[in-house]
Every structure is written in structure tokens, then in C-alpha cells.
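Under this note's numbering, the first residue of the sequence shown carries the number 71, and numbering increases by one thereafter.
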Amino acid sequence: MLENLTAVNLALLGLAMFSSGFIDAIAGGGGLIQTPAMLLSFPNTNPVEVVATSKTAAFFGTSTAAIQYRRFIKTDPKLLIAMVIPAFIGACFGSLLASHISPESFKSSIFFMMIAIFIYTLLKPDLGKVHVEKHSPRKMMVIGAIAACLIGFYDGLIGPGTGTMLMIALVAIMGFAFVGASAIAKVVNATTNLASIIVVGLRIGIMWKLGLVLAVANLAGGYMGSHMAIKKGSSFIRIFYLIVTGLLILRLGYSLYLE
Numbered sequence: 071m072l073e074n075l076t077a078v079n080l081a082l083l084g085l086a087m088f089s090s091g092f093i094d095a096i097a098g099g100g101g102l103i104q105t106p107a108m109l110l111s112f113p114n115t116n117p118v119e120v121v122a123t124s125k126t127a128a129f130f131g132t133s134t135a136a137i138q139y140r141r142f143i144k145t146d147p148k149l150l151i152a153m154v155i156p157a158f159i160g161a162c163f164g165s166l167l168a169s170h171i172s173p174e175s176f177k178s179s180i181f182f183m184m185i186a187i188f189i190y191t192l193l194k195p196d197l198g199k200v201h202v203e204k205h206s207p208r209k210m211m212v213i214g215a216i217a218a219c220l221i222g223f224y225d226g227l228i229g230p231g232t233g234t235m236l237m238i239a240l241v242a243i244m245g246f247a248f249v250g251a252s253a254i255a256k257v258v259n260a261t262t263n264l265a266s267i268i269v270v271g272l273r274i275g276i277m278w279k280l281g282l283v284l285a286v287a288n289l290a291g292g293y294m295g296s297h298m299a300i301k302k303g304s305s306f307i308r309i310f311y312l313i314v315t316g317l318l319i320l321r322l323g324y325s326l327y328l329e
């Protein structure tokens, strides 16, 4: 597949991957750029294989951002484990079902949920600026595990917007500041990407050469995005998050009602 791309096509895909890595590292939602770009580039290839190839590249950018955040922001390792394992399991099941069921009804419920959360965040300017202790540590792990499993399933089944939805759960439900939420979301999202890569790679196949070449661009974007987010803090991430969420709503609405 890599041989069939012109230099211009490859450069444009690399730019899309860099941009998606940058955006995803700050507020999630990088799949809004990279998934359509990949699907448009390979219209005659199994879309599940194309998305899995996209996630192969994204895994490197997300992992780089996760490492960056972990260097500067301390998170509860017990909470991370409580979210990572269910997220991996959920993503495996979502990936297994991806080629068998229509995701339209699932996308519809996500669409309306995203609108509600966008309005809620917009009307609460202090939301996510500082960490708020909303629940006991035990309850936080239960909520985190359930949210991670459901969002992991979504990532395996559909994909775009996973990081943004993790941010929603961590900030609006669990009380994290945006910068702390980003640190956790990157680790969980890297895990869901890995699950999809393993399942689809074993069942259908992945364009490995292309995925690894594009991973370089995504990694660079992830590094720069996470560096900027850590430097600018929660207020900057909140603005970026609202922009990305708004774009995700428009993209989902278009695919549901106008395509």
C-alpha cells in the first residue's frame, strides 16, 4: 500500500497525522482529522483495516503524549490500572464487533450526549480549572472503570472522539482539572489503540509499513501538543477541548443526518 501512494499523498497524510497527534495530545479528538484522511486515501480498502492502520500510527503519538504528561503530572496508579484494564477489554470487544454491526444507533446516542456535555461545559467556566474531590477513591475507581470500558468499546467500534469522551468523563463526572484529565486520558487511549491493533491485526490485517511511517508524524505532533498543554495549563486545554468537541458534534451530525 505504501508503494501505491504518491509523494504528495504521503506528505498530506503525514500532515494530517501530525495535526491529529498535536490536537489529540491537548484535548482528544485527533481521529476527527486522521480517520477521514485515511478513509479518503484508501476508498477501496476494508475500512476496519484502514482505521486500524490509522490507530497504529496514533498509538505512537498517544504513547508519547502519555509519557510527557506522566513526567510532569502525578496521577494515582491505582486509578490508572482500574481504567486501563476495562478500557482494553472494552476496545477488544468493540473491535471484534466493528465489522459485523452497524454503528449508527450508537453514534446517535453519542451525538446527543456530546451536545449536552458541550453546553454543560460552556455554561460552567470554572469546570476543570482545578481538581475537585467529588467522590471517594473507591468510588472513583468504580466510575473510572465503567467509563473506560464503555469508551474503550466505542473506540474499538467507531474510534474518532475517544480522547474527548475520556476528558468528558474525567472532568465533568470525576472532577479532574483538564490538565490532569489529559494525563490520564492519554494512557487509557493508548491502551484502547493497542487493543484495536492486536484484534484487527490478527483477524483482518493492518498496513504495517504505512502505519509505522505515519507514526513518526503522529509522534512529533503528540510530543509538541503535550508540551504545549503542560506549559499552558487547564484554561488553555478547556478552550481547545470546547473547539474539538464542537467539531466532533458537527462531524457526527453530518455523518448521521446529511450523508
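Note that beta-carbon positions come from the ideal geometry of N, C-alpha and C, so glycine has one too. Keep in mind that this is a model prediction, so the values were computed, not measured.
Boundaries (first-last residue) of the alpha helix (DSSP H) holding residue i
i      : result
Leu322 : 304–327
Simplified DSSP state of residue i, which is helix, strand or coil
i      : result
Asn288 : helix
Ile228 : coil
Met237 : helix
Met277 : coil
Ala247 : coil
Close-in-space but distant-in-sequence residues of the same chain around residue i (CB under 8 Å, 5 per side omitted)
i      : result
Phe88  : Ala287, Asn288, Ala290, Gly291
Gly99  : Ile93, Pro230, Gly231, Gly233, Thr234, Val314, Thr315, Leu317, Leu318
Gly245 : His201, Val202, Glu203, Lys204, His205
Leu109 : Pro117, Val120, Val121
Phe129 : Ala260, Asn263, Leu264, Ile267, Ala285
Contacting residues, own chain, Cβ-Cβ under 7 Å from residue i (five flanking each side not counted)
i      : result
Leu150 : Ile254, Val257
Leu192 : Leu312
Ser133 : Ala260
Own chain residues within Cβ distance below 6 Å of residue i, not counting five before or after
i      : result
Ala217 : Ala239
Phe112 : Val120
Ile300 : Phe142
Arg321 : Leu102
Ala95  : Ala135, Gly292, Gly295, Ser296
Gln138 : Ser296
Contact with chain C by residue i, beta-carbon distance below 7 Å
i      : result
Cys162 : As a matter of chain content, chain C is missing from the structure shown, which is built from one protein chain.
- Task: Return the chain-ordered ranges of every alpha helix (DSSP H) run that is complete within the region 132–218 and spans a minimum of 4 residues.
- Result: Every alpha helix (DSSP H) of 4 residues or more that sits fully in the region 132–218 is shown, in chain order, as 147–167, 174–193.
- Item | Ranges of the alpha helix (DSSP H) found wholly within the region 75–124, counting only runs of at least 4 | You should have 77–97, 101–111.
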